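Only one structure is covered here, and it is reproduced in the block below.
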Amino acid sequence: MSKYEFKLPDIGEGVVEGEIVEWHVSIGDAVKEDDPVVDIMTDKATVTIPSPIDGTVISLSGDIGDMVPVGTTLISFDSENSDELGADSSVTEPTNKSESEILPKPEVIAEPEVIAEPEVLADPEVLLRSATISPARVNSVESEIPNNIRNNERILASPAVRRRAREAGINLVNIIGSGPAGRIRHADLDVNIATKGVTTGSINNNHNAKREAITEVKVVGLRRKIAEQMVISKRTIPHFSYFEEIDVTQLEELRNNLNLSRDDAQPKLTYLPFIMMALSKIMPDHPECNALFDDNVNIVRRHSGINLGIATQTDRGLYVPVVKNVETMDIWTTASEMQRVSGAARKGTASLDELGGSTFTITSLGRDGGLGATPIINHPEVAILGVHKAREMPVVKNGQIIIRRIMNVSSSFDHRVVDGADGAAMIQHLKRMLENPALIFI
Amino acid sequence: MTEIRKCKVLIIGAGPGGYVAGIRAGQLGLDTVIVEGNKAGGVCLNVGCIPSKAIIHAAERFESLQKHSVKEGHMGLTVEGTAKLNMAELTNWKDGIVNKLTNGVDALLKNAGVEVIKGWARFTEAKRCIVNTDDGEITIEAENVIIATGSSHIDLPFMPCDEEFILSSSGALSLNKLPKSVAIVGGGYIGLELGCALTKLGSEVTIVEGTDNILSIMDKEIRRPLEIWLKKNKVTIHTNSLARGAEIKGKGASRKVNLIFDKNDENHTLKVDKILVTVGRRPNSKGWGIENMGIRMDASGNFIRIDRQCRTSAPGIYAIGDVAGEPMLAHKASAQGEMVAEIIAGKNREFDKIAIPAIVFTEPEIVSVGLDPEQAKNRGEHVIIGKFPLAANGRALTLEAEKTGGFVRVVARKDDHVILGIQAVGSHVAELSGEFILALEMGALLEDIADTVHAHPTMTESFHESVMKTLGHAIHSA
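Protein sequence lines, in the order shown, are assigned to chains A and B. Okay, so the first sequence: first residue is 1 according to the numbering used here, each after it adds one. Okay, so the second sequence: first residue is 1001 according to the numbering used here, each after it adds one.
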């Protein structure tokens, strides 16, 4: 009887350590040669390691989950046969036989690394050639065997599609495939044939492919201006935002009645002119909100005139044309003036005067209005109003659920000069006006 | 007065290109004549693909029998006594397979209504040739000619094959006695396949290769398991070594041959029973009157120049297979032959294959379809690569196919996941090639393979897993 130490053998594939996944034996077990003793997981595979000898387990090294380097003693055996093994307790590889039959890639173990040799690039056209002397090889690149893979613009289509296209006289180069990665399908040929070549493929249905293309867009011109403006606003102004629901059921009725009096040629009223009119009415009570803050000299200039910036999305980017002195206008003038300046901004014909001088800004996304937003103040103004989409909602009123038309507004204020209570008071005032639109006209 | 046989299609050579063209032409109802000087089937069936695979299979069987005939046996199986090799019997068995197949080809041609004329053709004009048959001369005039003359073994002029001491691959496939020692000149796929088989049968093999690497058509990673097998099985490899000549020494039965070669500017002499010369193959583009046909050769002057429809520069004359360019592989020739028959029958066809698979039947086997990682990168592709070891494939383990350290490797385009190439190395991996090439021809994305259920337990799962590995989530591998 003598002690035999079984060490984690080199499992090949360059594996230097493995994780103990499961012990198949415990201390005191009598094991026979080739009985499984332990499962070792490497980054290549999980390997069951069999016992190299007959013997009794006297100790196990390592718990499940432990990482053990190659060469670490895993198990100590009391073995009767260890004489055969040379009785050397440090024997790493018990017998050639068991090693070569158990391990996934034992051949590699004793092999010295194949010396790195300069890479000889296999000529793709020369698929199979022996190399010593090969006159045929010299100019084999000239071989005219067509090989679509030769260029990067390989057409992606099955052989059956390619054959059908050829027989139909269709050049697949001209077809846009609707399959993954632009693969041309029979359906694409169907469409092309049915439309006599007018359509180049069926609707793109490219949902499988992961897209990794990256397009660089230089931030220049107006975009850069917008970016700078936003940064100034966000960096210098501590925004607070405030949201409210406004019941515009009555306003909607009024709007419809007023619109009925208009003929087709005249512009119809939207909610915006009413909101603008309401703001012009309430601002004298909230002078801190209709102001410009010159933070260089720490002076807030409260304006008595109501100049409303109308955030307008154009092809070139965001513009804020201005409707000046709304307090002097009636609802129709407000509406037409707003349409005029935003139209000019969209067409690019707005004058510098029309694009500056605002004291308060309204941003409205119209149909895409959503439920809420956190608008960024148009620096150096101190407040901004975001208008969201009106929609019918169930509302509890006097203990009953009724259907009302509800519009959400979001607002942001410069907290340096407008306190929360002041901002909220302004919005609540606006809410009262819009919910009782007659007030706008008093 | 010589007979004049007029026909629609005349095919010169009944190898894997010619006979397939013939059968297809016959199926399409074309009056077809095929001229063959040897047995049908060409190099492939007679002295190439098929007989070599028979010998390789037998060698593998012999090797495994030896494993079982040792005292302790193997996998619980023990065979009493020693496994013995009778080389002459093995050659006979191999010949039986070859005969079965070549007779099969004859029958197929006959059933397709193709007239086979035995003899060597010589062209006197573009579409007119004279064939010397056992029954005298026949003149054939054809509307269309398909040249499928194939290729031949390349001799080294300073040590031409005598098939006694200096063998070509043909000679090596018809041995009556196993040579104790063999020097193989040329470490390409033919030499290595035979080298592996001879090693398993018990020969001591030395490979003398002129370039830096054996099997340089394959990339370094994929050929490494082969290099390891060769080393482990004591095959000596001399790279950067050029054969200079051979001398036959000794008398009577003890005669041997010395191979003289230069390595690192030093002269070496190696005494062996046989030398096998496998330095490549040259197209059979001369010696049968090509000069009378008005056909242009390619820039090398060796191959016949063809276009994507295998048309030569002379109208109505087509060339297919080895004589028409690389790769010189039977399956390429067959595909071209089938296509040309259809073109002659009026169909609109073009040789638009994405790739031609290449397989090396060494131990372990090596398969490559499409681009390997290096080739893909050289084409400016941004690729992702996944590799899955056979050691983690259950079926491979039950077949002991993992013992040669094989793996499957997938190369795909990074942005759209189109598979660009697939390589595999390992025992039995040749049979995986069908799915590989189908994936390429179908324009498969990694996701197409990942979403295909692969049967368990099969080695095809390792292709599935290598694709999943490329996608970053192989199941049985970290």
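Every residue, glycine too, gets a C-beta built ideally from N, C-alpha and C. Keep in mind it's a predicted model, so treat the numbers as computed, not measured.
Pull the bridge partners of residue i from the DSSP assignment, please.
| i | result |
| --- | --- |
| Lys-1006(B) | Glu-1141(B) |
| Leu-1045(B) | Answer is none; Leu-1045(B) lacks a bridge partner. |
| Met-407(A) | Ile-246(A) |
| Asn-1258(B) | Glu-1247(B) and Lys-1271(B) |
| Arg-301(A) | Leu-292(A) |
| Val-395(A) | Ile-402(A) |
| Asp-449(A) | Given a span of 1 to 442 for chain A in the structure shown, any question on residue 449(A) remains unanswerable. |
| Leu-1276(B) | Leu-1167(B) and Ile-1184(B) |
| Thr-48(A) | Asp-39(A) |
| Trp-23(A) | Val-38(A) |
| Val-1418(B) | Leu-1445(B) |
Straight-line CA distance for residue i to residue j?
| i | j | result |
| --- | --- | --- |
| Val-91(A) | Glu-5(A) | Any reading at Val-91(A) must be qualified, since the residue scores a pLDDT of 37, below 50, and its modelled position is unreliable; the value itself is stated next. Going from the Cα of Val-91(A) to the Cα of Glu-5(A) covers about 7 Å. |
| Leu-121(A) | Ser-1216(B) | Here Leu-121(A) scores only 36 on pLDDT, less than 50, and its place in the model is too uncertain to base an answer on. |
| Gly-1013(B) | Ala-1040(B) | 8 Å |
| Gly-1081(B) | Ser-1069(B) | 6 Å |
| Glu-288(A) | Val-300(A) | 8 Å |
| Asn-1284(B) | Glu-1003(B) | 27 Å |
| Met-1442(B) | Leu-156(A) | 7 Å |
| Ala-291(A) | Phe-360(A) | 7 Å |
| Val-68(A) | Trp-23(A) | 14 Å |
| Leu-1175(B) | Cys-1007(B) | 41 Å |
| Asp-315(A) | Leu-269(A) | 24 Å |
| Gly-1406(B) | Ala-213(A) | 35 Å |
| Ala-278(A) | Met-433(A) | 6 Å |
| Glu-1374(B) | Glu-1381(B) | 10 Å |
| Glu-1072(B) | Val-1369(B) | 41 Å |
| Met-1468(B) | Ile-1354(B) | 23 Å |
| His-1074(B) | Thr-1398(B) | 13 Å |
| Ile-1343(B) | Asp-1307(B) | 13 Å |
| Val-1105(B) | Ile-1097(B) | 13 Å |
| Asn-1046(B) | Thr-1102(B) | 8 Å |
CB-CB under 8 Å to residue i, same chain, minus the five flanking residues each way: which ones, in chain order?
| i | result |
| --- | --- |
| Ile-1366(B) | Leu-1215, Met-1218, Ile-1222, Arg-1223, Leu-1226, Ile-1359, Val-1360, Gln-1423, Ala-1424, Val-1425 and Val-1429 |
| Thr-72(A) | Lys-7, Leu-8, Ser-61 and Gly-62 |
| Glu-252(A) | Ala-390 and Arg-405 |
| His-1331(B) | Pro-1016, Ile-1356 and Pro-1357 |
| Val-114(A) | For Val-114(A), the pLDDT reaches just 36, beneath the cut-off of 50, and the residue's location in the model is therefore unreliable, although a value from the coordinates is still provided. Nothing meets the Cβ criterion. |
| Pro-1327(B) | Ile-1356 and Ala-1358 |
To the nearest whole angstrom, what separates the beta carbons of residue i and residue j, a pair I think is in contact under 8 Å?
| i | j | result |
| --- | --- | --- |
| Phe-243(A) | Gly-420(A) | At roughly 13 Å, the Cβ-Cβ gap does not stay under 8 Å, so Phe-243(A) and Gly-420(A) are not in contact. |
| Val-320(A) | Thr-312(A) | 7 Å |
| Met-426(A) | His-286(A) | 4 Å |
| Ile-1275(B) | Val-1257(B) | 6 Å |
| Gly-1280(B) | Gly-1421(B) | Contact flag wrong, Cβ pair sits at about 24 Å. |
| Val-21(A) | Val-70(A) | Actually they do not touch by this definition, with Cβ atoms about 16 Å apart. |
| Ser-1052(B) | Leu-1173(B) | 6 Å |
| Ser-1170(B) | His-1153(B) | 7 Å |
| Val-1035(B) | Ile-1117(B) | 5 Å |
| Ile-1320(B) | Ile-1146(B) | 6 Å |
| Val-57(A) | Gly-28(A) | 6 Å |
| Ala-1341(B) | Arg-1122(B) | 24 Å between Cβ atoms; not a contact. |
CB-CB under 7 Å to residue i, same chain, minus the five flanking residues each way: which ones, in chain order?
| i | result |
| --- | --- |
| Ser-1466(B) | Gly-1386, Lys-1387, Phe-1388, Val-1408, Arg-1409 and Val-1410 |
| Ala-1401(B) | Leu-1390, Gly-1426, Ser-1427, His-1428 and Met-1459 |
| Thr-1470(B) | Ile-1384, Ile-1385, Gly-1386, Val-1410, Ala-1412 and Leu-1446 |
| Glu-435(A) | Ile-246, Asp-247 and Gln-250 |
| Glu-1125(B) | Asn-1292 |
| Gly-317(A) | Leu-222, Arg-223 and Ile-226 |
| Gly-1113(B) | Gly-1026 |
| Glu-1435(B) | Thr-1460 and Phe-1463 |
Just to confirm my understanding: we take residue i, look at its own chain, exclude 5 residues before and 5 after, and list those with CB closer than 6 Å. What are they?
| i | result |
| --- | --- |
| Gly-386(A) | Thr-363, Ala-373, Pro-375 and Ser-410 |
| Leu-1259(B) | Ala-1183, Ala-1246, Leu-1270 and Ile-1275 |
Cβ contact (3+ pairs, closer than 8 Å) linking the stretch 1351–1368 of chain B and the stretch 1190–1203 of chain B: yes
Between the stretch 1345–1354 of chain B and the stretch 163–170 of chain A, do at least 3 Cβ pairs fall closer than 8 Å? yes
Are there three or more Cβ pairs, one per stretch, closer than 8 Å when the stretch 344–353 of chain A is compared with the stretch 252–270 of chain A? no
Do the stretch 1055–1062 of chain B and the stretch 1077–1095 of chain B make contact, defined as three or more Cβ pairs closer than 8 Å? Segment contact: the stretch 1055–1062 of chain B against the stretch 1077–1095 of chain B, three or more CB-CB distances shorter than 8 Å; contact assigned.
Between the stretch 222–236 of chain A and the stretch 373–388 of chain A, do at least 3 Cβ pairs fall closer than 8 Å? yes
Using 8 Å as the Cβ pair cut-off and three pairs as the minimum, do the stretch 1297–1315 of chain B and the stretch 1130–1140 of chain B touch? no
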